[in-house]
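Undergrad: Residue numbering for the sequence shown follows the UniProt record's numbering, starting at 1 and increasing by one per position. From the three backbone atoms N, C-alpha and C, an ideal C-beta is built for every residue, glycine too.
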Amino acid sequence: MGKLDGKVALITGGSRGMGAAHARLMASEGAKVVITDVLDDEGHALADEIGGTYHHLDVTDENAWASVVADVHANVGPIGVLINNAGIVGFSPIATASTDEWNRVIGINLTGTFFGMRAVVESMTSAGGGVIINISSTAGLQGYSNLSAYVASKWGVRGLTKSAALDLGQHGIRVVSIHPGPIKTPMTDGFGDEMTAQQAIPRFGLPEEVAAMALFIAADATYTTGTEFVIDGGATVGAALQPPQ
Ligand code: NDP
């Protein structure tokens with residue numbers, strides 16, 4: 001018996017990276033996985049691999065949210081798990097960051113998460129409740145240079161999670177945020193080992209490690225809502241320095 005037998009799990013940005021790991025693990029635990037993304041070929045291929053379904057969904061499109069959720073509710077079942085995972089990063093110092101980049105990062109990472117939560121409430125409520133997992137970041141716990149829009153979006157996701165948890169608890173819906181540190185995905189291609197050198201666990205995390213946390217939240221963390229789950233190899237604990245030579 002799987003931990004999510006029969007539950008419908010919708011994952012945004014699910015075609016690759018961490019989203020694909022969530023999709024694989026939840027499918028292996030019996031969930032009916034609905035992958036959504038803007039990367040259609042990869043999404044269809046993954047849906048075929050795990051026996052799920054794929055929908056094109058740009059998370060910034062609120063009308064698309066309404067139609068995908070209506071389609072899934074009618075044809076797969078009420079949504080039991082939503083992972084708001086789609087996200088992008090953009091690097092610019094604040095003095096020269098463009099308005100377009102600011103709007104794009106906030107639009108996908110923060111407004112997309114709001115649209116997703118709002119869109120699934122009725123479907124989740126109809127089945128007696130569910131779980132919403134919002135993927136924030138260690139950038140939702142502290143600042144990083146050259147990442148002002150990203151940091152603002154991820155702090156926003158963290159705050160939005162708390163308000164949504166208070167709004168939705170009465171409907172049996174739990175809402176939490178996950179805060180990954182550096183994880184090996186296409187998003188971190190190009191970053192070397194120096195990025196993790198001062199962590200207590202000096203390596204990149206794996207998407208599968210984050211997926212294991214999401215499964216725990218969805219299946220087992222039944223008295224938990226509105227809070228942060230940090231998975232960062234100790235990145236936010238402090239710096240593991242070597243003594244001077
Ligand atoms: P990836 O870039 O590997 O995957 C993100 C997926 O989201 C891609 O398929 C991407 O497509 C898709 N996407 C982008 N824009 C949209 C959109 N508007 N609508 C729907 N899907 C979209 O990233 P990760 O797996 O690394 O990241 C997943 C989440 O984890 C993100 O929210 C990220 O911010 C967060 N995170 C990542 C960390 C890391 O170290 N990797 C650390 C902390 C948090 P496309 O390629 O077209 O952009």
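#1: Does the separation of the CB atoms of asparagine 134 and asparagine 84 fall below 7 angstroms?
#2: When DSSP labels each residue in this structure, what does alanine 20 get in the three-state scheme?
#3: Among all the DSSP beta bridges, which residues are the ones paired with leucine 160?
#4: May I have a chain-ordered list of the beta strand (DSSP E) segments no shorter than 3 residues that lie completely inside the stretch 28-106?
#5: At what residues does the beta strand (DSSP E) containing glycine 130 begin and finish?
#6: Once the 5 residues before and after threonine 227 are set aside, which same chain residues still bring their CB inside 7 angstroms of it?
#7: Kindly give me the distance between the Cβ atoms of alanine 64 and aspartate 58, rounded to whole angstroms, as I take these residues to be in contact under 8 angstroms.
#8: Indicate the three-state DSSP secondary structure (helix, strand or coil) for arginine 118 in the structure shown.
#9: For alanine 27, count neighbouring C-beta atoms within 10 Å of its own C-beta (all shown protein chains included) and say buried if the count is 16 or more, exposed if not.
#10: Nearest to aspartate 37 by alpha carbon, out of Glu29, Met117, Gly19, Thr222?
#11: Hey, quick one: how far does the alpha helix (DSSP H) through leucine 215 stretch, first residue to last?
#12: Could you tell me the distance, in whole angstroms, from the CA atom of glycine 107 to the CA atom of proline 244?
#13: From Leu10, His55, Ile178, Ala152, pick the residue whose C-alpha is nearest to that of glycine 116; which is it?
#14: Write down the C-beta distance between isoleucine 94 and valine 105 rounded to the nearest angstrom, noting that I regard them as a contact closer than 8 angstroms.
#15: Does the distance between the C-beta of leucine 110 and the nearest non-hydrogen atom of the ligand NDP fall short of 6 angstroms?
#16: Would you call the stretch 233-244 and the stretch 190-210 in contact, with 3 or more CB pairs under 8 angstroms?
TA: Taking the definition as stated:
#1: Their beta carbons are under 7 angstroms apart, which means asparagine 134 touches asparagine 84 by this criterion.
#2: helix
#3: None, per the DSSP bridge assignment.
#4: Runs of the beta strand (DSSP E) lying entirely within the stretch 28-106, each at least 3 residues long, are 32-37, 53-56, 79-84 in chain order.
#5: Per DSSP, glycine 130 belongs to the beta strand (DSSP E) from 130-135.
#6: Within the same chain, Cβ atoms closer than 7 angstroms to the Cβ of threonine 227 are found at Val176, the five residues on either side in sequence being excluded.
#7: Between alanine 64 and aspartate 58 a beta carbon distance of about 6 angstroms is seen, short of the 8 angstroms cut, so the two are scored as contacting.
#8: In the structure shown, arginine 118 sits in a helix (DSSP, three-state: H, G or I).
#9: buried
#10: Selected option, being the one with the closest Cα: Gly19.
#11: 207-219
#12: 45 angstroms
#13: Leu10
#14: That belief does not hold up - the Cβ atoms of isoleucine 94 and valine 105 are roughly 13 angstroms apart, past 8 angstroms.
#15: no
#16: yes
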